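A short worksheet on the structure shown next.
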Amino acid sequence: MLGKEEKKEMLWDAKSRKRREQFCAVKKLKRDKFTIDGYLSFLNAIQKIFSPFKISTHPTITKFNKL
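Rendered as structure tokens:
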């Protein structure tokens, strides 16, 4: 469940005119522009940002998780 602060952030984001315009602009894009090759190029570019993650064999102890 969302906390009070998270709810405020979501409502603030929903009221943003700039955000609304960004979503409308994406809707106007034609589906033809999205190709498998373009998607793979996007994934390759994103992959450069993230370094390989260290794999831990120890259990991660947590007290509070949100899905």
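Numbering-wise, the sequence shown is residues -16 to 50 according to the numbering used here. Beta carbons: idealized from backbone N, C-alpha and C, even for Gly. Please read all numbers here as calculations on a predicted model, not as lab measurements.
C-alpha gap between residue i and residue j, whole angstroms
i	j	result
R0	L12	19 angstroms
K(-9)	L(-15)	10 angstroms
I29	K46	31 angstroms
F33	K(-2)	32 angstroms
S24	V9	19 angstroms
F6	F36	32 angstroms
Secondary structure of residue i, DSSP reduced to three states
i	result
L46	Note that residue 46 is Lys in the sequence shown, not Leu. Residue state, collapsed to three classes: coil.
K37	coil
Cut-off 6 angstroms between Cβ atoms - residues of its own chain near residue i, not counting five sequence neighbours on either side
i	result
K31	none
Y60	Only positions -16 to 50 of the chain appear in this structure, which leaves residue 60 out of reach.
Task: alpha helix (DSSP H) runs contained entirely in the stretch -8 to 33, provided each spans 4 or more residues - done: Segments of the alpha helix (DSSP H) lying fully in the stretch -8 to 33: 0 to 11, 19 to 32.
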